[in-house]
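Step one of this worksheet: look at the structure below.
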Amino acid sequence: MCGVHRKGNSMSDITDQLVISKENGVGLIQLDNQAKRNAMTFDMWQGIPKVLDDFEADDAVRVVVVSGRGGKAFCAGADISQFENNRSSEDAVEIYNNTVKAASDKLANCSKPTIAKIEGFCIGGGVGLALCCDLRIANDVSTYAVPAAKLGLGYRADGLTRLVNVVGPSFAKEIFYTARQFNPTEALEMGLINRIVPRTMLNTYVDDYAKTIAHNAPLTIYAAKVVIDELINPDGGDEVRMAQVVDDCFNSADYQEGRKAFMEKRKPQFQGK
């Protein structure tokens, strides 16, 4: 299954700055604002939830990969050239912030596993976007920074919570206090990224990783995602929900298929049911 959705088709209200495709069980979101290192425009923030709604409704999509086009940047944060219009009043600021939060929450809470494929610059809101994904796989020339302290910006709790959950409070403070750029080795040591891959191998590596995940049992992956997210929920985990998703695995046809395939020494064919 493969296709690119742009204006004039079933996803006609999605900006051309998001290039969307589906292939081999993987839903792809490519940020395409290359002149500005794939900085996020208001239309891009608006489009992400619509794309994810489409992916979540499609049983053939097992994994979501977010990346930047052009090979030089994942995302350089917000497109500040739009701030004069989008942040010109208190109402405009509220609309903008709510739109960013809605997109971030939608990605963070996506029912399917998500991977950020990071090439080059991952700055400010780009770090925030990557943190909304379950996994972050980067090339060996990627750089990371949250330059809020150089701009006088304040970050709200929802944005900082994701960072603290991933790297811990001490590294989160270092990232914000210094506002400097970190190289991929430093990012790996902090736990900000999962893997560093040579730049020439990144696309193949992430493709293979996504396919590996796509071939595994969707209900098991969903259960793991739910339970892990509940365990780090500052309000406390929902024990009923955690128990339910685990029970769903054991009551599924996929569980029967997995056991049968193991006994027959073949690859299982999971259906997510």
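The sequence shown begins at 488 in this note's numbering and counts up one residue at a time. Note that CB positions come from ideal geometry on N, CA and C, so glycine has one too.
Handout entry: Where the beta strand (DSSP E) through Phe561 begins and ends
Key = The count along the sequence shown starts at 1 and reaches residue 561 at position 74. In the DSSP assignment, Phe561 falls within the unbroken beta strand (DSSP E) covering 560-562.
Handout entry: Buried versus exposed call for Arg728 [16 or more other C-beta atoms within 10 Å across all chains shown]
Key = Counted from its first residue, the sequence shown places residue 728 at position 241. Flag for Arg728 reads exposed.
Exercise for the section: May I have the straight-line CA-CA distance separating Tyr683 from Ala547, to the nearest angstrom? Expected result: Position 196 of the sequence shown, counted from the first residue, corresponds to residue 683. Position 60 of the sequence shown, counted from the first residue, corresponds to residue 547. Sequence inspection shows Ile at residue 683; the Tyr mentioned does not correspond to that position. Approximately 29 angstroms between the Cα atoms of the pair.
Exercise for the section: Check whether the region 581-593 touches the region 653-665, counting contact only when three or more Cβ pairs, one atom from each stretch, lie closer than 8 angstroms. Expected result: no
Handout entry: Alpha-carbon spacing of Tyr742 relative to Gly646, whole angstroms
Key = Translated into positions along the sequence shown, residue 742 becomes position 255. Translated into positions along the sequence shown, residue 646 becomes position 159. Answer to the nearest angstrom: the Cα atoms are 37 angstroms apart.
Practice task
Would you mind sorting Gly514 into buried or exposed? The rule is 16 or more other CB atoms within 10 Å of its CB.
Solution key: On the sequence shown, position 27 is the one that residue 514 refers to. Looking at its Cβ environment, which holds 16 or more other Cβ atoms inside 10 Å, Gly514 is buried.
Problem - Paired residues, beta bridge with Lys599 - DSSP - result: For the purposes of this step, residue 599 is taken as residue 112 along the sequence shown, with counting starting at 1. Lys599 pairs with nothing; no bridge assigned.
Exercise for the section: Using the Cα positions of Arg556 and Glu661, report the straight-line distance between them to the nearest angstrom. Expected result: Translated into positions along the sequence shown, residue 556 becomes position 69. Translated into positions along the sequence shown, residue 661 becomes position 174. Within the model, the alpha-carbon separation for Arg556 versus Glu661 is close to 29 angstroms.
Practice task
Please determine, among Phe663, Asp566, Leu616, the residue with the shortest C-alpha to C-alpha distance to Ala636.
Solution key: By 1-based counting over the sequence shown, the position of residue 636 is 149. Here the closest residue by C-alpha is Phe663.
Problem - Lys760 versus Ser598: straight-line alpha-carbon distance, rounded - result: As a first step, residue 760 must be located in the sequence shown, where it is residue number 273. As a first step, residue 598 must be located in the sequence shown, where it is residue number 111. Approximately 15 angstroms, taken between the alpha carbons.
Exercise for the section: With Thr528 as the anchor, note down where its alpha helix (DSSP H) starts and where it stops. Expected result: Position 41 of the sequence shown, counted from the start, is the residue given in the question as residue 528. Looking at the DSSP string, Thr528 is not in any alpha helix (DSSP H), and its letter there is neither H nor E.
Practice task
Grab me the residues of Ala740's own chain with a C-beta within less than 6 angstroms of its C-beta, minus the 5 sequence neighbours each way, in chain order.
Solution key: Within the sequence shown, the letter at position 253 stands for residue 740. Lys760.
Exercise for the section: Report the three-state DSSP secondary structure of His492 (helix, strand or coil). Expected result: Position 5 of the sequence shown, counting from 1, holds the residue named residue 492. Residue placement at His492 is poorly supported in this model, since its pLDDT is 45, which falls under 50; the coordinates are not used for a value here.
Handout entry: Cutoff 8 angstroms; reference Ile719; Cβ partners in own chain excluding five residues on either side
Key = What you label residue 719 is simply residue 232 of the sequence shown in a count that begins at 1. Correct list, in chain order: Asn652.
Exercise for the section: Count the C-beta pairs between the region 722-738 and the region 692-712 that are closer than 8 angstroms, then say yes if the count reaches three, no if not. Expected result: yes
Problem - For Gly611, three-class secondary structure by DSSP - result: Sequence index remark: in the sequence shown, residue 611 carries index 124 (1-based). In the structure shown, Gly611 sits in coil (DSSP, three-state: anything other than H, G, I, E or B).
Exercise for the section: List the residues that DSSP assigns as beta-bridge partners of Gln517. Expected result: Against the sequence shown, residue 517 aligns to sequence position 30. Gln517 pairs with Val506, Ser554.
Handout entry: Inter-stretch contact at 8 angstroms, needing at least 3 Cβ pairs: the region 623-638 / the region 674-691
Key = yes
Problem - Supposed close pair Ala697, Ala666 - CB separation, criterion 8 angstroms - result: Numbered from its first residue, the sequence shown carries residue 697 at position 210. Numbered from its first residue, the sequence shown carries residue 666 at position 179. So it is not a contact: roughly 33 angstroms between Cβ atoms.
Problem - Local conformation of Ala632 per DSSP, three classes - result: Stepping through the sequence shown from its first residue, residue 632 is reached at position 145. Strand at Ala632.
Exercise for the section: Please list, in chain order, all residues of the same chain as Pro671 whose beta carbon is under 7 angstroms from its beta carbon, the five residues on each side excluded. Expected result: Within the sequence shown, residue 671 is the residue found at index 184, counting from 1. Taken in chain order, the residues that qualify are Ala625, Asp627, Ser629, Ile680, Ile683.
Exercise for the section: Sort Glu676, Asn511, Asp503, Ile516 by Cα distance to Ala617 and report the nearest one. Expected result: Here residue 617 corresponds to residue number 130 of the sequence shown, with the count starting at 1. Among Glu676, Asn511, Asp503, Ile516, the Cα nearest to that of Ala617 belongs to Ile516.
Practice task
Give me the Cα-Cα distance between Gln533 and Lys593, rounded to the nearest whole angstrom.
Solution key: Here residue 533 is taken as the residue at index 46 of the sequence shown, counted from 1. Here residue 593 is taken as the residue at index 106 of the sequence shown, counted from 1. Cα to Cα, Gln533 sits roughly 11 angstroms from Lys593.
Practice task
Could you tell me if Phe749 is buried or exposed, where buried requires 16 or more neighbouring beta carbons within 10 angstroms of its beta carbon?
Solution key: Position 262 of the sequence shown holds residue 749. Exposed, because fewer than 16 other Cβ atoms sit within 10 Å of the Cβ of Phe749.
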